[in-house]
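Have a look at the structure below before the remarks.
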């Protein structure tokens, strides 16, 4: 009988010890993926951005690597935005953007669950959305007014991108698709200018990438 009591006491003690260890085991150890001019890019940032649809992950790509590349670029742009200080976006625009995120991922409790998993609050998400809107405003101000290309360059773009102007297997004539071709060419050149600008920011900024794919 005494042995039974001893065994029971040991069992209770063991369960208490395991219970005390459970919270430690459940703790998520934060992982630093990169440092951009002193600002940390954490794995939780990347995971949250992926789950909330704030970054694009190409099929077959390393999820964290794809997210990290975009988060590094975002941080580089944010440094420039803070330097030049474009106007603050209206709160109504922030509200709309947050609702769009909520709708994109399925509405309801899904967004709250992602925020909890990532250790992010709704207020922090709103701050992120605010900064995204500031970046968008800055890019529009800096790269928005692109010159209209000469018609021969628009025609050349149209001819080399026929798939963009094909409907039901038939290529639309230039007389119909010319404006679309012009806008697409302007957008392509704007994107190229932004890529070159970002490449320059990367060269001038202290970036330490700690993430190694597959580890």
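Numbering (the numbering used here), first residue to last: 48 to 262. Backbone N, C-alpha and C define an ideal beta-carbon position, used for all residues, glycine too. Just so we're clear, the structure is a prediction, and the values are computed from it rather than from any experiment.
Exercise. Within 10 angstroms of the Cβ of residue 86, are there 16 or more other Cβ atoms? Answer buried if so, exposed if not.
Key: exposed
Quiz item: Between residue 82 and residue 254, what straight-line distance do the alpha-carbon atoms span, to the nearest angstrom?
Solution: 6 Å
Quiz item: If we call anything under 8 Å between Cβ atoms a contact, is residue 260 one with residue 112?
Solution: A contact, by the Cβ cut-off of 8 Å.
Exercise. With a threshold of 7 Å, establish whether the CB of residue 161 neighbours any heavy atom of the ligand ATP.
Key: With respect to small molecules bound, the structure shown includes none, and the ligand ATP cannot be examined in it.
Practice problem: With a threshold of 16 other CB atoms inside 10 Å of the CB of residue 142, please say whether the residue is buried or exposed. | Solution: exposed
Self-check item: Three-state class that DSSP yields for residue 86 in the structure shown
Solution: strand
Practice problem: Kindly confirm or deny that the region 169 to 179 and the region 197 to 209 touch, where touching means at least three C-beta pairs closer than 8 Å. | Solution: Per the Cβ contact rule, the region 169 to 179 is not in contact with the region 197 to 209 (fewer than 3 Cβ pairs under 8 Å).
Quiz item: Where does residue 139 land, buried or exposed, given buried means 16+ other C-beta within 10 angstroms?
Solution: exposed
Quiz item: With a Cβ-Cβ cutoff of 8 Å, do residue 211 and residue 231 count as a contact?
Solution: yes
Quiz item: Between the Cα of residue 132 and the Cα atoms of 182, 193 and 176, which residue gives the shortest distance?
Solution: 182
Quiz prompt | Span of the alpha helix (DSSP H), counted from its first residue to its last, around residue 104 | solution = From DSSP, residue 104 is part of no alpha helix (DSSP H); its letter is neither H nor E.
Self-check item: Helix, strand or coil at residue 200 [DSSP, three-state]
Solution: helix
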